[in-house]
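Structure first, commentary second.
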Amino acid sequence: MDLPAGATETAEFSVAPDLTAKRSWRSVKSAIMTGLMTASVIAVAVPLVAVIWAVFARGLQVVVHGFPSFFVDEIPVIARKPGPGMGPAIIGTLLATGVATLIAVPLGVAGAVYLNEYGMKNRFSRLVRFMANVMTGVPSIVMGLFIYVTWTLRFGYSAFGGGLALASLMLPVVIGATEQMLKLVPNHLREASYAVGTSKSRTIMAVVLPAALPGIVSGSLLAVARAAGETAPLLFATGAATEYNLNPFVEANTSLSLQIFGNATSSFGAAQDRAWGAALTLVLLTFLITLVARFVTARFARIRR
Amino acid sequence: MGSEEIDKGPVDARPGVRLALKPSPRTLDRPGKVAGTQTSVVFELDKLEVFYGAFRAVRSVSMQIFKNEITAFIGPSGCGKTTVLRSLNRMHDVTPGARVSGGLRYHTADLYAPHVSATEVRRRIGMVFQKPNPFPKSIYDNVAFGLRSKGVHAKSDIDSLVEKSLRGAALWDEVKDRLRASALGLSGGQQQRLCIARTIAVGPEVVLMDEPCSALDPVATAHIEELMRELKSKFTIVIVTHNMQQAARVSDRTAFFTTEVDAKFGLRTGTLVEYNATDKIFSNPGDERTERYITGRFG
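Chains as they are written, first to last, in the numbering used here: chain F, 465 to 769; chain X, 1490 to 1788.
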């Protein structure tokens, strides 16, 4: 074996190389940055946990007291009267959010497919993308005002009107999220599909959208969850009811968010209790919707990995 | 070079008429033909040029590609061999800014005539890519995908064609017990054979392969090469490869491309140097540039 001048085989291997970590500026920096990041995570988690804690602490007893009457009974007309329930508000929230989802998700996904798969960088799609971004910034109360003027003044209060307002809020979010997800679908999958003689439309339906599905569902869910908690646009469009109204198209309805607002600002303790109960119900409802949607997506995407 | 004589046969590209299904019965006289075999011309390239925007990537390629042969495109990076390959099944249609000029005939049909549907073209001229790109679906659904696009929906038909294609791609024995498992769980070599199965399932006449083995280990490469020799009896294969030994091993005919500085644009552009029977190219190349390249004295 060729050895460098002066080196012998024994000298090379008799002393184990020193591999222990040395105290250095680099290791100090590493410790500081790790500490900062941990602190940030805690700072983010504290308010989140605090909110959930407050809602559960104040709302749980209201909801479980005489279960399940809180979820099914009608809302007391006299605010100071203690007791349940929030049934009509749950239905109202489901109706308005459902209408909004049925409008905004198909439109938003179709729009994003156009923008990413067909329009690409042409002038029209750049305009649409810009308008969607602007729409994201429109305050929800302005959106409610818009629906009030264009819809409610003509057709009266209804859950559908509230749904229209919520849909206008959701639409840009769904478009944005879907377009991002479509961008992430690798081009080689599209090429693989074209290479076996598949048309563009079928490539989108059978390859691109399924590949992007989990992301699209996540983005849409975020929009749905935000919409379910919106209050301002519903103030204009939904009106205020205390009884069940299962028809989304006629008569005033109500929603959990409206009931939280109305009851929490009341001076009566009984009403305030109901507001906490409604808040907990809303959190649970959003959680449930997310859970169901995730489960369905997982079933769809079972083979993927 | 291929035959200088360009056949001016009837071009089946009348409005509303899709590509001619039947292969041309004509046989063309060609230099360097393999003794005793008469095969027809599948592709005829006549001064084909491909542009990306204003950049001319490939300059004036004229050649003929013959039925039931393996034709290899070799040459250094950037010489346009992949670009020419992708023009053969109109894959450039999906690349923004890409444009093809000059003549390109598939049997008697002009591939770039206005009323030719790229979807119909690709159903007859399939493609296997450099990186194995199975869909994130099951093994079965990967192979069935093209069949369903084609309009085959009867389960029994799909079942038998999936099995036939997987057997054809020498993958059946390895996957027959897990057809419903994700294709992404296969090894790289298996994925590439799955992509070949997916391509041959729709019953193309031509299979284009863009460096199909460059992402694979030598064992998987040997598998694919053996498969190509088997597939030759049923399909016409055009393969782009960086591996000269591979071209020498599998192909009947080899085209050597290289880059040259484009006088008009001042940029490097690809061009066809020499096209001949593979043994001729590797034993007695007609052009000095080819010789330098195959003996490894080229950059």
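The beta carbon of each residue, even a glycine, is placed where N, CA and C say it ideally should be.
Please classify residue 1771(X): is it buried, with 16 or more other beta-carbons within 10 angstroms of its beta-carbon, or exposed?
For the purposes of this step, residue 1771(X) is identified with residue 282 of the second sequence, where counting begins at 1. Under this definition residue 1771(X) is a buried residue.
To the nearest angstrom, report how far apart residue 508(F) and residue 613(F) are at their CA atoms.
The residue given as residue 508(F) occupies position 44 in the first sequence. The residue given as residue 613(F) occupies position 149 in the first sequence. Approximately 39 Å between the Cα atoms of the pair.
Indicate the three-state DSSP secondary structure (helix, strand or coil) for residue 419(F) in the structure shown.
Outside the shown range of chain F (465 to 769) lies residue 419(F), about which nothing can therefore be said.
Mapping DSSP to helix, strand and coil, what is residue 1631(X)?
Residue numbering aside, residue 1631(X) sits at position 142 when the second sequence is read from its first letter. Of the three classes helix, strand and coil, the one that applies to residue 1631(X) here is helix, per DSSP.
Measure the C-alpha to C-alpha separation of residue 1642(X) and residue 666(F) and round it to an integer number of angstroms.
On the second sequence, position 153 is the one that residue 1642(X) refers to. On the first sequence, position 202 is the one that residue 666(F) refers to. Between residue 1642(X) and residue 666(F), the C-alpha separation is close to 15 Å.
Do three or more CB pairs link the region 623 to 633 of chain F to the region 1573 to 1589 of chain X at distances below 8 Å?
Touching, no.
In terms of alpha-carbon separation, which member of 617(F), 537(F), 545(F) and 641(F) lies closest to residue 731(F)?
Taking the first residue of the first sequence as position 1, residue 731(F) is located at position 267. Nearest C-alpha to residue 731(F): 545(F).
With C-beta atoms as the reference, is residue 1696(X) less than 8 Å away from residue 1632(X)?
Your numbering for residue 1696(X) matches position 207 in the second sequence. Your numbering for residue 1632(X) matches position 143 in the second sequence. Going by C-beta atoms, residue 1696(X) is not nearer than 8 Å to residue 1632(X).
Going by alpha carbons, who is nearest to residue 594(F) out of 563(F), 561(F), 630(F) and 639(F)?
Numbered from 1 along the first sequence, position 130 holds the residue referred to as residue 594(F). If we check each option's Cα against that of residue 594(F), 639(F) comes out closest.
Is the beta carbon of residue 1624(X) closer than 8 Å to that of residue 656(F)?
Taking the first residue of the first sequence as position 1, residue 656(F) is located at position 192. Taking the first residue of the second sequence as position 1, residue 1624(X) is located at position 135. Yes.
Against chain F, does residue 1548(X) count as a neighbour if the rule is that its beta carbon must be under 8 Å from one of theirs?
The residue you call residue 1548(X) lines up with position 59 of the second sequence. For residue 1548(X), the answer is no, since every Cβ of chain F falls outside 8 Å of its Cβ.
Going by CA-CA distance only, name the one from 503(F), 696(F), 710(F) and 749(F) that's closest to residue 726(F).
As a first step, residue 726(F) must be located in the first sequence, where it is residue number 262. Closest option to residue 726(F), Cα to Cα, is 696(F).
For residue 1726(X), report the span of its beta strand (DSSP E) as first-last.
Here residue 1726(X) refers to the residue found at position 237 of the second sequence. Start and end: 1725 to 1729.
Residues of the region 1629 to 1642 of chain X with a CB closer than 7 Å to any CB of chain F: list them in chain order, please.
The residues in question are 1634, 1635, 1638 and 1639.
Counting only the same chain and skipping the five closest in sequence on each side, list residues whose C-beta sits under 8 Å from that of residue 723(F).
On the first sequence, position 259 is the one that residue 723(F) refers to. Same-chain partners within the cutoff: 539, 550, 553, 738, 739 and 742.
If we count Cβ pairs, one from each stretch, closer than 8 Å, do we get three or more for the region 1582 to 1596 of chain X versus the region 1530 to 1539 of chain X?
Contact between the region 1582 to 1596 of chain X and the region 1530 to 1539 of chain X is present, because at least three Cβ pairs lie under 8 Å.
Note down the Cα distance separating residue 1744(X) from residue 570(F), rounded to an integer number of angstroms.
The residue you call residue 1744(X) lines up with position 255 of the second sequence. The residue you call residue 570(F) lines up with position 106 of the first sequence. Residue 1744(X) and residue 570(F): Cα-Cα distance of roughly 50 Å.
Since residue 1690(X) and residue 1660(X) are thought to touch, with beta carbons under 8 Å apart, how far apart are those beta carbons, to the nearest angstrom?
Here residue 1690(X) refers to the residue found at position 201 of the second sequence. Here residue 1660(X) refers to the residue found at position 171 of the second sequence. At roughly 12 Å, the Cβ-Cβ gap does not stay under 8 Å, so residue 1690(X) and residue 1660(X) are not in contact.
Residues of the region 1597 to 1616 of chain X with a CB closer than 9 Å to any CB of chain F: list them in chain order, please.
Cβ contacts with chain F: 1606, 1607, 1608, 1609, 1610, 1611, 1612, 1613, 1614, 1615 and 1616.
In angstroms with no decimal places, state the Cα-to-Cα distance between residue 1639(X) and residue 1701(X).
As a first step, residue 1639(X) must be located in the second sequence, where it is residue number 150. As a first step, residue 1701(X) must be located in the second sequence, where it is residue number 212. For residue 1639(X) and residue 1701(X), the distance between alpha carbons rounds to 25 Å.
Report the three-state DSSP secondary structure of residue 525(F) (helix, strand or coil).
Numbered from 1 along the first sequence, position 61 holds the residue referred to as residue 525(F). Reduced to three states, the DSSP call for residue 525(F) is helix.
So, for residue 1613(X): in the same chain, excluding its five sequence neighbours on each side, which residues have a beta-carbon less than 6 Å away from its beta-carbon?
One-based indexing of the second sequence puts residue 1613(X) at position 124. Excluding residues within five positions, the ones whose Cβ falls inside 6 Å are 1693 and 1694.
Which residues of chain X have a Cβ atom closer than 9 Å to the Cβ of residue 579(F), listed in chain order?
Along the first sequence, one-based indexing puts residue 579(F) at 115. Neighbours of residue 579(F) on chain X: none; closest Cβ ~15 Å, over 9 Å.
Nearest chain X C-beta to residue 598(F) closer than 8 Å, yes or no?
The residue given as residue 598(F) occupies position 134 in the first sequence. No, no contact with chain X.
Quick one: which chain F residues come within Cβ less than 9 Å of residue 1580(X)?
By one-based count along the second sequence, residue 1580(X) stands at place 91. Neighbours of residue 1580(X) on chain F, chain order: 655, 658 and 659.
Return the bridge partner residues of residue 1590(X) from the DSSP annotation.
Translated into the one-based positions of the second sequence, residue 1590(X) becomes position 101. DSSP output for residue 1590(X) lists 1538(X) as bridge partner(s).
Is the CB of residue 1583(X) under 8 Å away from at least one CB in chain F?
As a working mapping, residue 1583(X) is identified with position 94 in the second sequence. By this cut-off, residue 1583(X) is an interface position.
Opposite residue 1759(X) in the DSSP bridges: which residues?
Taking the first residue of the second sequence as 1, we reach residue 1759(X) at position 270. Residue 1759(X) pairs with 1547(X) and 1748(X).
Does the Cβ of residue 681(F) have 16 or more other Cβ atoms within 10 Å, making it buried, or fewer, making it exposed?
Position 217 of the first sequence, counting from 1, holds the residue named residue 681(F). Looking at its Cβ environment, which holds 16 or more other Cβ atoms inside 10 Å, residue 681(F) is buried.
Along chain F, which residues have their Cβ under 8 Å away from the Cβ of residue 1665(X)?
In the second sequence, counting from the first residue as 1, residue 1665(X) sits at position 176. Simply none; closest approach about 17 Å.
Mind listing the chain F neighbours of residue 1688(X)? Cutoff is C-beta to C-beta under 8 Å, in chain order.
Taking the second sequence and counting its residues from 1, one reaches residue 1688(X) at position 199. Simply 659 and 660.
Report the rounded CA-to-CA distance for residue 763(F) versus residue 756(F), giving the unit in angstroms.
As a first step, residue 763(F) is located in the first sequence; it is residue number 299 there, counting from the start. As a first step, residue 756(F) is located in the first sequence; it is residue number 292 there, counting from the start. Taking the straight line joining both Cα atoms gives about 11 Å.
At a CB-CB cut-off below 9 Å, which residues of chain X make contact with residue 587(F)?
Translated into the one-based positions of the first sequence, residue 587(F) becomes position 123. Correct list: empty, because the minimum Cβ distance to chain X is about 15 Å.
Applying the criterion that 16 or more other CB atoms from any shown protein chain within 10 Å of the CB defines a buried residue, is residue 582(F) buried or exposed?
Translated into the one-based positions of the first sequence, residue 582(F) becomes position 118. Under this definition residue 582(F) is an exposed residue.
Suppose you measure from the CA of residue 1779(X) to the CA of residue 1749(X); what does that come to, to the nearest Å?
Position 290 of the second sequence holds residue 1779(X). Position 260 of the second sequence holds residue 1749(X). Approximately 13 Å, taken between the alpha carbons.
I believe residue 1537(X) touches residue 1576(X) by the beta-carbon criterion, under 8 Å. Please report the beta-carbon distance rounded to the nearest angstrom.
Within the second sequence, the letter at position 48 stands for residue 1537(X). Within the second sequence, the letter at position 87 stands for residue 1576(X). Rounded, the Cβ-Cβ distance is 7 Å, consistent with contact.
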